[in-house]
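Have a look at the structure below, then the notes.
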Amino acid sequence: MELPYIATIKYKREIDESCQQIKKLCGIDYLIIYIRFKNNQIFVLSNVYSHLNDYYQNGMFKHDSSISTGYFENSDFYLCENDKGISETYSNLLRNKHEIHRVFYKICRTTEFDIILGAANSSPVLDKLRFYKKTHKDFNDFAVKFIEENSYIFKEHNYELKNSEYFNDYSILKKLFNHTEHVQSLTPREKECLLYTAKGFTTDEISRLLSISKYTVEEYKKSILKKFNAVNMTNAVYIAMTQGYLDAANRIILPNANSFVDFRNLNILT
Numbered sequence: 101m102e103l104p105y106i107a108t109i110k111y112k113r114e115i116d117e118s119c120q121q122i123k124k125l126c127g128i129d130y131l132i133i134y135i136r137f138k139n140n141q142i143f144v145l146s147n148v149y150s151h152l153n154d155y156y157q158n159g160m161f162k163h164d165s166s167i168s169t170g171y172f173e174n175s176d177f178y179l180c181e182n183d184k185g186i187s188e189t190y191s192n193l194l195r196n197k198h199e200i201h202r203v204f205y206k207i208c209r210t211t212e213f214d215i216i217l218g219a220a221n222s223s224p225v226l227d228k229l230r231f232y233k234k235t236h237k238d239f240n241d242f243a244v245k246f247i248e249e250n251s252y253i254f255k256e257h258n259y260e261l262k263n264s265e266y267f268n269d270y271s272i273l274k275k276l277f278n279h280t281e282h283v284q285s286l287t288p289r290e291k292e293c294l295l296y297t298a299k300g301f302t303t304d305e306i307s308r309l310l311s312i313s314k315y316t317v318e319e320y321k322k323s324i325l326k327k328f329n330a331v332n333m334t335n336a337v338y339i340a341m342t343q344g345y346l347d348a349a350n351r352i353i354l355p356n357a358n359s360f361v362d363f364r365n366l367n368i369l370t
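Have a look at this one:
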């Protein structure tokens, strides 16, 4: 049985051209970009090729839960420590056979889809947190550049992206990738203030609803503005909605329980 004809293989030449300077620009060898839509369909582009036969033909996708939402429950990124997100069998295969060493994953949420960026190297990274802090901003910028150069690939195979502002205005995409203070950093009280503000309640009303002083409500709001880098609460609510943390009914969207991703739903090209 031959390897399925997937986007990463079909566009290998274009991907390699875009990734020629990846090591020089951000100190990382491999970039993996996942687009996960709200129906759980997943589209992937990457400059990682050597493992694809093992991944699809030999069933290693069953050992991979690296982009499951549970891993991003408390942060916008996670480090690939102790085989996190994959089985020991698959981890050993990546390291020993393919010399692929996973470093970190970062999620960027929108109301339309999630963009998950994965970083890996050809050699082990011992201090992954230090490496992340040193490289993630340059990595974000490179990912924006990669998407901009290859936007036609994403749009050709995903009609949902053709009119998406994130795939037509790359300044917005860059802001999304570099926005690190998300709703997970809000305290429970701050989340309540954000929710009630989104529902149209005033400071006085929120004060009565939560049985706290108006001064305390204002302090929570100031903290929200700082964490969201917003100019006012209306702007904070907008940011929360555009990045997928508030739905149309003004409810906080919580990550689903950790589960393995069924990669049989990938956009396989025929």
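Under the working numbering, residues 101 to 370 are what the sequence shown spells out, in order.
Even for Gly, the Cβ is constructed at its ideal location relative to N, Cα and C.
Beta-bridge pairing of residue i - partner residues as DSSP gives them
i, result
"Ser146", "Ile132"
"Ile215", "Ile135 and Cys208"
"Tyr315", "Looking at the DSSP assignment, Tyr315 forms no beta bridge with any residue, so it has no partner."
"Leu179", "Phe204"
"Ala220", "Tyr130 and Arg202"
"Asp164", "Ile186"
beta-carbon residue i near the ligand FAD non-hydrogen atom, thresh 7 Å
i, result
"Thr211", "This structure lacks the ligand FAD, and indeed carries no ligand of any kind."
Rounded Cβ spacing between residue i and residue j (contact assumed at less than 8 Å)
i, j, result
"Tyr296", "Leu286", "Actually they are not in contact, since the Cβ atoms of Tyr296 and Leu286 sit about 13 Å apart, beyond 8 Å."
"Ile186", "Leu152", "Incorrect: roughly 15 Å between the Cβ atoms, too far for contact."
"Asp176", "Ile207", "6 Å"
"Phe137", "Glu260", "6 Å"
"Phe143", "Asn258", "5 Å"
"Asn240", "Phe277", "4 Å"
"Ile135", "Phe242", "The pair is not a contact, with the Cβ atoms about 17 Å apart (cut-off 8 Å)."
"Tyr149", "Lys112", "7 Å"
"Lys299", "Ser307", "That belief does not hold up - the Cβ atoms of Lys299 and Ser307 are roughly 15 Å apart, past 8 Å."
Among the options, the one whose alpha carbon lies nearest that of residue i
i, options, result
"Asp129", "Lys274, Asn140, Asn147 and Lys112", "Asn147"
"Glu114", "Leu145, Tyr205, Gly127 and Tyr338", "Leu145"
"Tyr205", "Thr189, Lys197, Arg195 and Glu173", "Glu173"
"Leu193", "Asn158, Ser251 and Glu181", "Asn158"
"Tyr232", "Phe301, Tyr270, Cys180 and His198", "Cys180"
"Asp238", "Ile324, Ala340 and Lys274", "Lys274"
"Ala107", "Asp304, Ile272, Tyr252 and Leu325", "Tyr252"
"Leu226", "Arg202, Arg209, Ile207 and His236", "Arg202"
"Ser311", "Cys293, Lys327 and Phe328", "Cys293"
"Thr303", "Lys321, Asn140, Pro224 and Asn240", "Lys321"
"Pro288", "Ile324, Ile132, Asn140 and Tyr111", "Ile324"
"Tyr190", "Asp154, Lys314, Lys262 and Pro224", "Asp154"
"Phe301", "Ile272, His198, Arg209 and Met333", "Met333"
"Cys126", "Lys234, Phe254, Arg209 and Met341", "Lys234"
"Met341", "Thr316, Thr210, Ser223 and Ile200", "Thr210"
"Tyr56", "Leu131, Lys228 and Glu305", "A question about residue 56 goes unanswered here, because the residues of the chain that appear run from 101 up to 370."
"Leu131", "Asn140, Arg230, His236 and Glu265", "His236"
"Lys291", "Ser271, Asp269 and Glu319", "Glu319"
"Ile133", "His198, Phe254 and Val337", "Phe254"
"Pro224", "Arg195, Lys124 and Asn250", "Arg195"
Report task. Give a yes or no on contact between the segment 203–216 and the segment 163–179, applying the rule of three or more CB pairs nearer than 8 Å. Result -> yes
**Report entry** Contact between the segment 216–228 and the segment 245–261 (3+ Cβ pairs under 8 Å)
**Finding:** Segment contact: the segment 216–228 against the segment 245–261, fewer than three CB-CB distances shorter than 8 Å; contact not assigned.
Report task. Would you list, in sequence order, the uninterrupted beta strand (DSSP E) runs of no fewer than 3 residues that lie entirely inside the segment 247–311? Result -> none
Requested in this report: Take every Cβ of the segment 115–122, pair it with every Cβ of the segment 156–164, and state whether three or more of those distances are shorter than 8 Å.
Outcome: Verdict: no, contact absent.
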